[in-house]
Amino acid sequence: MLVAVSGRHGAGKTTLAKAIADHFNLIYVSAGVLFREMAKKHGMSIVEFTRYAEKHPEIDRTIDERMKQEASKGGRVLDAQLAYFFSKKFHPFNILVFAEVKDIVKRVSEREGISLKEARKEVRTREKNEKKRFKKLYGIELWNPTDFHIMINTSRITKEKAKKIAIDSISIFQGELNFTP
């Protein structure tokens, strides 16, 4: 089985992806963790590294290649904005996680230990740069609803309900998920 969880920063995709991995006993793989590790190695903040990656496409390609390798193994939950895109040929169950901007800003503020104003700026900067990079690198628009089996708005429901919706949906489709390495 392969599950691809995509969505905006701070929407709750990591929380949901980890819950799915735990429930189905799958390996959790995060592009965000890889990106943060690379930023740290370069001595940069996430925002600085996002800007840096705009001029250095090898950053995205390195992360994306790693995600493709992980997808090819199956038995994974991929947590990445482009998880659905890079795992497409392996027929994953695709989930889009989104939330209202005010909730995203609050979550990023809490997670990163920064002010709401800083979080708003970080979210805006990262998303603008990433949309531009992904369009340039891969010619895609992020998060077209037709690319996903389900979409979950985490501003409207609890974490527990989001988890239940995802797990129940995966269970319903499980027999139809023809993972092909």
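In our numbering, the protein residues as written are 20 to 200. Backbone N, C-alpha and C fix where the C-beta goes; we use that ideal spot for every residue, glycine too. Computed from a predicted model, the values in this text were never measured in an experiment.
Supposed close pair residue i, residue j - CB separation, criterion 8 Å
i, j, result
"R145", "T81", "Going by Cβ atoms, the distance from R145 to T81 rounds to 18 Å, so no, they are not a contact pair."
"V127", "V22", "About 24 Å; that fails the 8 Å criterion."
"G29", "I123", "4 Å"
"F167", "I159", "Going by Cβ atoms, the distance from F167 to I159 rounds to 14 Å, so no, they are not a contact pair."
"Y47", "H61", "Incorrect: roughly 24 Å between the Cβ atoms, too far for contact."
"E73", "K151", "7 Å"
"A63", "Q193", "The amino acid at residue 63 is misidentified as Ala; the sequence shows Met. At roughly 41 Å, the Cβ-Cβ gap does not stay under 8 Å, so M63 and Q193 are not in contact."
Cβ-Cβ distance between residue i and residue j below 7 Å
i, j, result
"V24", "L35", "yes"
"S188", "A118", "no"
"A181", "I191", "no"
"K32", "D83", "no"
"G26", "V120", "no"
"A185", "I39", "yes"
Given residue i as reference, the closest of the options once Cα atoms are compared
i, options, result
"K155", "K60, G31, H75", "H75"
"K87", "K136, A185, A102, K147", "A102"
"H110", "V116, I78, Q100, G94", "G94"
"D79", "Q193, N148, A185, T165", "N148"
"E179", "G26, K108, R27, K37", "K37"
"R143", "G194, I65, S49, F105", "I65"
"D41", "K183, G194, E195", "K183"
"Y157", "E137, I186, P164, Q100", "Q100"
"S106", "I176, T177, A50", "A50"
"E195", "F112, R85, K108", "F112"
Heavy atom of the ligand HEM within 6 Å of residue i beta-carbon
i, result
"L101", "This structure simply doesn't include the ligand HEM, nor any ligand for that matter."
Residue i versus residue j: straight-line alpha-carbon distance, rounded
i, j, result
"E89", "K125", "31 Å"
"R130", "K92", "31 Å"
"K59", "L161", "26 Å"
"N44", "M57", "28 Å"
"E67", "E141", "10 Å"
"F104", "G132", "31 Å"
"E77", "F54", "12 Å"
"I169", "N163", "12 Å"
"T165", "L135", "32 Å"
"R85", "K108", "15 Å"
| query | Curious, which full-length alpha helix (DSSP H) runs of at least 4 residues does the stretch 107-149 contain? | reply | 120-131
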